[in-house]
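For the sequence shown, the working numbering gives the first residue as 186, with consecutive numbering after it.
For every residue, glycine included, the Cβ atom is placed at its ideal position computed from N, Cα and C.
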Amino acid sequence: MRHVRQTDSGGPLALPSLYRQLHRVRRPKLISTFGLAVGTAAAVAAADQITKRWASESFDEERLEVVPDLLWFTYLENPGSAFSMFQDAGVWLGVAAAGAVGVVGWALRTPRPGLEVIGLGLVMGGAVGNLVDRATRGEGLLDGKVVDWIQVPNFPVFNLADTALTVGVGLVLLSALRQSIGASGS
Numbered sequence: 186m187r188h189v190r191q192t193d194s195g196g197p198l199a200l201p202s203l204y205r206q207l208h209r210v211r212r213p214k215l216i217s218t219f220g221l222a223v224g225t226a227a228a229v230a231a232a233d234q235i236t237k238r239w240a241s242e243s244f245d246e247e248r249l250e251v252v253p254d255l256l257w258f259t260y261l262e263n264p265g266s267a268f269s270m271f272q273d274a275g276v277w278l279g280v281a282a283a284g285a286v287g288v289v290g291w292a293l294r295t296p297r298p299g300l301e302v303i304g305l306g307l308v309m310g311g312a313v314g315n316l317v318d319r320a321t322r323g324e325g326l327l328d329g330k331v332v333d334w335i336q337v338p339n340f341p342v343f344n345l346a347d348t349a350l351t352v353g354v355g356l357v358l359l360s361a362l363r364q365s366i367g368a369s370g371s
């Protein structure tokens with residue numbers, strides 16, 4: 186105690202305020218949240234574009250059977266959305282994809298559970314992957330066709346971006362359910 190008394194100047198505390206201390210703890214979490222989501226999105230978008238290029242150079246509209254009666258690779262240019270819906274809405278689908286990227290970016294302003302962050306990253310990456318097709322495979326700004334190349338029985342042809350979007354939305358919903366159950370259980 187004597188040592189403390191001797192070094193105490195009696196003036197204001199030299200330590201940073203509690204707010205600053207807490208802000209320092211929270212900020213790296215936010216950066217890691219954003220970084221994880223953007224890293225996931227970049228990996229998905231890159232893998233999607235690489236596989237679409239591979240499919241466009243390797244396949245035509247004839248199917249290549251990969252796993253008998255279960256999985257085929259093919260090449261299809263889809264002007265619509267998932268399940269070939271909205272065939273004449275290419276520009277609007279491009280605008281919706283750009284909007285989805287913006288909404289996910291906005292949602293990542295605050296720290297979120299890891300499962301939700303990965304889900305949002307998958308959604309962002311899938312939207313970017315299909316948005317790149319819309320922006321680069323058409324005559325106008327966002328009227329391009331999306332390359333689909335994976336086919337399974339009784340299901341429309343799809344691509345990695347579609348898969349990432351679907352899995353990402355599922356993870357976000359699962360995270361919300363887990364949070365809801367956790368909140369009601371406490």
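Check: Can you look up Val337 in the DSSP assignment and give me helix, strand or coil?; Outcome: coil
Check: With C-beta atoms as the reference, is Glu246 less than 8 angstroms away from Val332?; Outcome: no
Check: Kindly give me the distance between the Cβ atoms of Leu307 and Val223, rounded to whole angstroms, as I take these residues to be in contact under 8 angstroms.; Outcome: So it is not a contact: roughly 12 angstroms between Cβ atoms.
Check: Taking Cβ positions, are Leu316 and Leu356 nearer each other than 8 angstroms?; Outcome: no
Check: Quick check: what's the CA-CA separation for Val313 versus Gly323?; Outcome: 16 angstroms
Check: Which class does Thr236 belong to by DSSP, given the choice of helix, strand or coil?; Outcome: helix
Check: Can you give the Cα-Cα distance for Tyr260 and Asp347, rounded to whole angstroms?; Outcome: 15 angstroms
Check: Can you give the Cα-Cα distance for Ala292 and Ile366, rounded to whole angstroms?; Outcome: 21 angstroms
Check: Under the three-state reduction of DSSP, which class applies to Asn344: helix, strand or coil?; Outcome: coil
Check: Whose C-beta lies closer than 7 angstroms to the C-beta of Ala240 among residues of the same chain, with five residues either side of it excluded?; Outcome: Phe258, Tyr260, Val332, Trp334
Check: Where does Val252 land, buried or exposed, given buried means 16+ other C-beta within 10 angstroms?; Outcome: exposed
Check: To the nearest angstrom, report how far apart Leu255 and Lys237 are at their CA atoms.; Outcome: 20 angstroms
Check: Just to confirm, is the Cβ distance from Gly329 to Ala320 under 8 angstroms?; Outcome: yes
Check: Can you grab the Cα-Cα spacing for the pair Pro341 / Ser243, in whole Å?; Outcome: 20 angstroms
Check: Go to Thr321, then tell me how far its alpha helix (DSSP H) extends in each direction, as first and last residue.; Outcome: 299-321
Check: Is it buried or exposed, Val337, if we count other Cβ atoms within 10 angstroms and call 16 or more buried?; Outcome: exposed
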